[in-house]
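Number of protein chains: 2
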Amino acid sequence: MTQMELARAGKTTQEMRAVARQEGLAAELIRQLVAKGQVAIIKNRIHKKSGFKICGVGRHLRTKINANIGTSPRQKSASQERKKLAACVKYGADAVMDLSTGGDLRLMRRDILRESTIPLGTVPIYQAVVDTVRHNKSVPMMKAETLFEVIEEQCRDGVDFITVHCGVTRKVIDTLRKHKRVMGMVSRGGTFLAEWVVCNKKENPLYEHYDRLLDIAYKYDVVLSLGDGLRPGCGADATDQSQIAELKILGELARRAWRRNVQVMVEGPGHVPLNQIEKNIILQKKLCAGAPFYVLGPLVTDIAPGYDHISCAIGGALAASYGADFLCYVTPAEHLRLPDITDVKDGIMASRIAAHAADIVKGVSGAAAWDKKMSIARKALDWKTQSSLSLDPEKFTNKKTKMHLRDKFGCTMCGEFCSMKEMDKFL
Amino acid sequence: MTQMELARAGKTTQEMRAVARQEGLAAELIRQLVAKGQVAIIKNRIHKKSGFKICGVGRHLRTKINANIGTSPRQKSASQERKKLAACVKYGADAVMDLSTGGDLRLMRRDILRESTIPLGTVPIYQAVVDTVRHNKSVPMMKAETLFEVIEEQCRDGVDFITVHCGVTRKVIDTLRKHKRVMGMVSRGGTFLAEWVVCNKKENPLYEHYDRLLDIAYKYDVVLSLGDGLRPGCGADATDQSQIAELKILGELARRAWRRNVQVMVEGPGHVPLNQIEKNIILQKKLCAGAPFYVLGPLVTDIAPGYDHISCAIGGALAASYGADFLCYVTPAEHLRLPDITDVKDGIMASRIAAHAADIVKGVSGAAAWDKKMSIARKALDWKTQSSLSLDPEKFTNKKTKMHLRDKFGCTMCGEFCSMKEMDKFL
Chain D
0 MTQMELARAG
10 KTTQEMRAVA
20 RQEGLAAELI
30 RQLVAKGQVA
40 IIKNRIHKKS
50 GFKICGVGRH
60 LRTKINANIG
70 TSPRQKSASQ
80 ERKKLAACVK
90 YGADAVMDLS
100 TGGDLRLMRR
110 DILRESTIPL
120 GTVPIYQAVV
130 DTVRHNKSVP
140 MMKAETLFEV
150 IEEQCRDGVD
160 FITVHCGVTR
170 KVIDTLRKHK
180 RVMGMVSRGG
190 TFLAEWVVCN
200 KKENPLYEHY
210 DRLLDIAYKY
220 DVVLSLGDGL
230 RPGCGADATD
240 QSQIAELKIL
250 GELARRAWRR
260 NVQVMVEGPG
270 HVPLNQIEKN
280 IILQKKLCAG
290 APFYVLGPLV
300 TDIAPGYDHI
310 SCAIGGALAA
320 SYGADFLCYV
330 TPAEHLRLPD
340 ITDVKDGIMA
350 SRIAAHAADI
360 VKGVSGAAAW
370 DKKMSIARKA
380 LDWKTQSSLS
390 LDPEKFTNKK
400 TKMHLRDKFG
410 CTMCGEFCSM
420 KEMDKFL
Chain S
0 MTQMELARAG
10 KTTQEMRAVA
20 RQEGLAAELI
30 RQLVAKGQVA
40 IIKNRIHKKS
50 GFKICGVGRH
60 LRTKINANIG
70 TSPRQKSASQ
80 ERKKLAACVK
90 YGADAVMDLS
100 TGGDLRLMRR
110 DILRESTIPL
120 GTVPIYQAVV
130 DTVRHNKSVP
140 MMKAETLFEV
150 IEEQCRDGVD
160 FITVHCGVTR
170 KVIDTLRKHK
180 RVMGMVSRGG
190 TFLAEWVVCN
200 KKENPLYEHY
210 DRLLDIAYKY
220 DVVLSLGDGL
230 RPGCGADATD
240 QSQIAELKIL
250 GELARRAWRR
260 NVQVMVEGPG
270 HVPLNQIEKN
280 IILQKKLCAG
290 APFYVLGPLV
300 TDIAPGYDHI
310 SCAIGGALAA
320 SYGADFLCYV
330 TPAEHLRLPD
340 ITDVKDGIMA
350 SRIAAHAADI
360 VKGVSGAAAW
370 DKKMSIARKA
380 LDWKTQSSLS
390 LDPEKFTNKK
400 TKMHLRDKFG
410 CTMCGEFCSM
420 KEMDKFL
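As structure tokens, then:
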């Protein structure tokens, strides 16, 4: 039985209790939310490793963040990706996705599963396409059977959630053709499927055989992350007919999954101007009956390559404050190249700031209290406590050592004219 | 006559035309907005330097950003601050404030005025306090006369806007005492004045002799930036009685300035949780009759020292999208130390992203079009155009060189699996 099935049967599992403890909430509340599909517990049933950090995503919970790692055909180093994984865990990502498309994908995934203490997600179509291409075949020659075999293989390996672009249907692709976009499709997995659908004149196998997908997900209690193949790749394409057409299908598929006791999340945009973010969240929550929303950004401008972690933090904070539950990080390398370890760290920190800023206003347990503690330490010029309360104590200490001029008389910003000191004289 | 006086007399000045050209708007519209006080043109009348980049702040205009530079008692290097000034101009700050409190303040300011091509702001009370302290006197022993002399001196030197904490009145300080805060006062200038007021049991001279201040501002057409001495220094203190009590006074003072044809801006918070930002902007615009709003942040969380440029970009983007006109940058060094040149650059870039993300949704002329051009170049894998359209072409190129693997087949992120390429096969 899946977590959802158990929740609906009134059982409070060990996993639900772990989520409840982590969030400072009642286990019974978690059970109810899992039963309704408003919270997903991201854990493959075979994932029994000790030290595994449970991750619940959804309503009333702390906003979680995901970090993407993985090779590409041009950067195949498995050891580099293992280092990125270590950075993800160290710097506080709640989950990691292996998006590898270069090197030995199976070996890499199994390495990551062995080493990771946080949930792992994948996009199985990548492996199916890579396998196809390595046999000197083009994407449309990929067999639907291959795709399902890869999905089953990955779930059997212990992957906790998978992105499946089930909503890239023939009808949705027609919509995309009718309503021209500046950027077309920017989802890699979505594009593979669209190419397959168009060239083969057949329906998307993940949509057509969705029940088969549900069978596999049910078997391993893997969370289906319903991918947004039609997510806008630039502000100009945001919230258009194609995006919404796909979202409606994802809403139907979420309900179908729940009827089979399969946990789901719904993925969302993308690149979205500031004033369309609220609408996007409301729409998703409504069309998908409150399913956890996993947003890839959103980036609020397209003109800042090298700083897209900031464009993403702005959109992510806003999205989460309106109800998005899970933020996929974007690194400073986005739109430029595969990220390196520094990029991974910067991306995680930016997303954690966004998530936390939202959690303060979402009323997440402990969020505002954390800020208050920091502010009390700041007023007291208690640098040690400030450091330990910092999102990134490593950076705090580094900056401190670099200038070694911070003390009870203030820092180099104001020196003797520190208003924290000045105030004591009269307030 | 000041720009405002001329505007009200129906005259369209050279400065108004320059702002209109820069913004892609009609000169007559600028004249009307200056006449109403909804746009301030930040330029001391004696500031006639060729190459001076005009800066209009307010309604319908591009959101501007300010960068703070200046020494402290512990970091007195004038040459370092000159380098920071060069970075401010190079990386696109619209204005700069010299907040020096260490070394030879007069020399530094005159150096900056000679070298700068963008408007300069100051906080004159810093110099008045530094002068007082250097005569072995405490802050409350500062003479009101000294403060006004310093203000006149700085305006005579050519400073374009000055922050004056006129709203830190006895009544407001009483409010602060009645309604305890976590952080008390964090405005350095505001704290000096509050200390002076409390210890001398006298009214704030900038409030009591506000007309004298208006005389000086009128004489040089210097924009008064009505400082928010009571801005919240942490999220827990945001939008409290003290902050609003001061804001009401600033609203009255803005109207008094306008009656004397003096241009004003109103400064705002500070540290503000995400869900209070809109309210803050609406309140300021209402209480201050649409005066340009100059926000110092706002920072949406307190727990990210080392990354406060990101906390600030989130709040700044949101504030500007709701109508804030001028964003003061925050650097990664905030709450830690005086920024170095890298911090200055990072702070400027983060604020420019915030301002631009807001300009897209404010409908500022050319903003959305810039993003669209970038997206078209991105779709075409035209790296050269992408670089030239980047907010920071230097960073774009740097990242590119570092990986030297970006070409017409995509970048190292996806390599041969680039969805931009893939799409061409079927869309």
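So the sequence lines, in the order shown, correspond to chains D and S. Be aware that the first sequence starts at 0, since it is given in numbering that gives the first Met the number 0, and climbs by one per residue. Be aware that the second sequence starts at 0, since it is given in numbering that gives the first Met the number 0, and climbs by one per residue. The C-beta atom is built at its ideal place from N, Cα and C for all residues, glycine as well.
- Message: Please give me, in chain order, every unbroken run of the beta strand (DSSP E) with length at least 3 that falls completely inside the stretch 317-356 of chain D.
- Response: Secondary structure within the stretch 317-356 of chain D: the beta strand (DSSP E) runs of 3 or more consecutive residues, fully enclosed, are 325-327 (chain order).
- In chain D, which residues lie with their C-beta within 9 Å of the C-beta of Val197 of chain S? From the beta-carbon of Val197 of chain S, the residues of chain D found nearer than 9 Å are Lys424, Phe425 and Leu426.
- Task: Grab me the residues of Tyr90 of chain S's own chain with a C-beta within less than 6 Å of its C-beta, minus the 5 sequence neighbours each way, in chain order.
- Result: By the criterion of a C-beta distance shorter than 6 Å, Tyr90 of chain S is surrounded in its chain by Lys344 and Ile347, once the five residues flanking it on both sides are discounted.
- Message: Give me, in chain order, the residues of the same chain whose beta-carbon lies closer than 6 Å to that of Val149 of chain S; leave out the 5 immediate sequence neighbours on both sides.
- Response: Result list for Val149 of chain S: Pro123, Gln126 and Ala127, in chain order.
- Residue ranges of each beta strand (DSSP E) within the stretch 77-156 of chain S, 3 or longer: The stretch 77-156 of chain S contains these whole beta strand (DSSP E) runs: 94-97 and 119-121.
- According to the neighbour-count rule (16 or more other Cβ atoms, all chains shown, within 10 Å of its Cβ), is Thr100 of chain D buried or exposed? With 16 or more Cβ atoms within 10 Å of its Cβ, Thr100 of chain D is classed as buried.
- Spatially closest choice to Cys233 of chain D from D:Ala379, D:Leu146, D:Met184 and D:Lys10, by CA coordinates: Of the candidates D:Ala379, D:Leu146, D:Met184 and D:Lys10, the one whose C-alpha sits nearest the C-alpha of Cys233 of chain D is D:Met184.
- Taking 7 Å as the CB-CB limit, is Asp214 of chain S close to chain D? The C-beta of Asp214 of chain S comes no closer than 7 Å to any C-beta of chain D.
- From the DSSP output, in three-state form, read off Glu202 of chain D for me. Three-state result, Glu202 of chain D: coil.
- Message: Could you check whether the Cβ of Asp391 of chain S sits closer than 7 Å to any Cβ belonging to chain D?
- Response: Yes, Asp391 of chain S lies at the interface with chain D (some Cβ there is under 7 Å from its Cβ).
- Going by C-alpha distance, which of S:Glu266, S:Ile68 and S:Ile340 is nearest Leu469 of chain S? What is shown of chain S runs 0 to 426, which leaves residue 469 of chain S out entirely.
- Query: Taking the C-alpha atoms as reference points, what is the distance between Gly36 of chain D and Arg351 of chain D?
  - Reply: Here the alpha carbon of Gly36 of chain D sits roughly 24 Å from the alpha carbon of Arg351 of chain D.
- Given a limit of 9 Å on CB to CB distance, which residues of the stretch 320-331 of chain S reach chain D? Ser320 and Pro331: these are the residues of the stretch 320-331 of chain S whose beta carbon lies less than 9 Å from some beta carbon of chain D, given in chain order.
- Name, please, each residue of chain S whose Cβ falls closer than 8 Å to the Cβ of Asp370 of chain D. Those within 8 Å of Asp370 of chain D in chain S are Cys233, Gly234, Ala235, Thr300, Asp301 and Ile302.
- Contacts that Ile375 of chain S makes with chain D (C-beta to C-beta distance below 8 Å): The contacting residues are Val181.
- Query: With a Cβ-Cβ cutoff of 7 Å, do Pro268 of chain D and Asn199 of chain D count as a contact?
  - Reply: Remark: C-beta atoms of Pro268 of chain D and Asn199 of chain D do not approach each other more closely than 7 Å.
- Following the continuous beta strand (DSSP E) through Thr1 of chain D, name the residue where it begins and the one where it ends. DSSP places Thr1 of chain D outside any beta strand (DSSP E), giving it a letter other than H or E.
- Give me the Cα-Cα distance between Ala216 of chain S and His208 of chain S, rounded to the nearest whole angstrom. Computed Cα separation, rounded: 13 Å.
- Task: Could you pull out every residue in the same chain whose Cβ sits closer than 7 Å to the Cβ of Thr168 of chain S, ignoring the five residues on either side in sequence?
- Result: Glu202, Asn203, Tyr206 and Ile248, listed in sequence order.
- Query: Between which two residues does the alpha helix (DSSP H) harbouring Met15 of chain S extend?
  - Reply: It spans Gln13 to Glu22 - the alpha helix (DSSP H) in which Met15 of chain S sits, taken as one unbroken run.
- When you check each C-beta in the stretch 339-366 of chain D against every C-beta of chain S, which residues fall closer than 7 Å? Answer set for the stretch 339-366 of chain D: Met348, Ala349, Ile352, Ala353, His355, Ala356, Ala357, Ile359 and Val360.
- Task: Take the Cβ of His334 of chain S as the centre, count every other Cβ of all protein chains shown within 10 Å, and call the residue buried at 16 or more, exposed below.
- Result: Buried is the call here.
- Task: State the beta-bridge partners of Val167 of chain D as determined by DSSP.
- Result: According to DSSP, which records beta bridges pairwise, Val167 of chain D is partnered with nothing at all.
- Task: On the DSSP bridge assignment, give the partners of Met264 of chain S in chain order.
- Result: Looking at the DSSP assignment, Met264 of chain S forms a beta bridge with S:Ser224.
- Message: Quick check on DSSP: helix, strand or coil for Thr190 of chain S?
- Response: Correct three-state label for Thr190 of chain S: helix.
- Task: Under 8 Å by Cβ, that's how I've got Ala235 of chain D and Asp370 of chain S pegged, so tell me the actual separation to the nearest angstrom.
- Result: Separation of the CB atoms of Ala235 of chain D and Asp370 of chain S is rounded to 7 Å, and the pair is thereby assigned contact status at 8 Å.
- Task: Please list the partners that Gln283 of chain S has in chain D, where partner means a Cβ-to-Cβ separation under 9 Å.
- Result: The contacting residues do not exist; Gln283 of chain S stays about 19 Å from chain D at best.
- Cβ-heavy atom distance between Thr341 of chain S and the ligand COA below 6 Å? As for the ligand COA, it is missing from this structure, which has no ligand bound.
- Item | CB contact below 7 Å: Gly305 of chain S versus chain D | Contact with chain D is found for Gly305 of chain S, since one of that chain's Cβ atoms lies less than 7 Å from the residue's Cβ.
- Query: Expressed to the nearest angstrom, what Euclidean distance is found between the alpha-carbon atoms of His270 of chain D and Thr300 of chain D?
  - Reply: Roughly 7 Å separates the two Cα atoms.
- Message: Just verifying my parser: in three-state terms, what is the DSSP assignment at Phe506 of chain S?
- Response: In this structure chain S extends from 0 to 426, so residue 506 of chain S is not present and cannot be described.
- Item | Member of D:Val181, D:Ile313 and D:Arg377 whose CA lies at the smallest distance from the CA of His355 of chain S | When only C-alpha atoms are compared, the closest one is D:Ile313.
- Message: Let me check one thing: in DSSP terms, what residues is Lys63 of chain S bridge-paired to?
- Response: Its beta-bridge partners are S:Phe325.
- Item | Amino acids of chain S, ordered along the chain, whose beta-carbon sits closer than 7 Å to that of Cys410 of chain D | Neighbours of Cys410 of chain D on chain S, chain order: Leu335 and Arg336.
- Query: If we count the other Cβ atoms within 10 Å of its Cβ and call it buried at 16 or more, is Leu106 of chain D buried or exposed?
  - Reply: Burial state of Leu106 of chain D is exposed, judged by a 10 Å Cβ sphere holding fewer than 16 other Cβ atoms.
- Task: Give the residues from the stretch 266-282 of chain D that approach chain S closer than 7 Å (Cβ to any Cβ), ordered along the chain.
- Result: Of all residues in the stretch 266-282 of chain D, only Pro272, Leu273 and Asn274 come within less than 7 Å of chain S when Cβ atoms are compared, listed by chain position.
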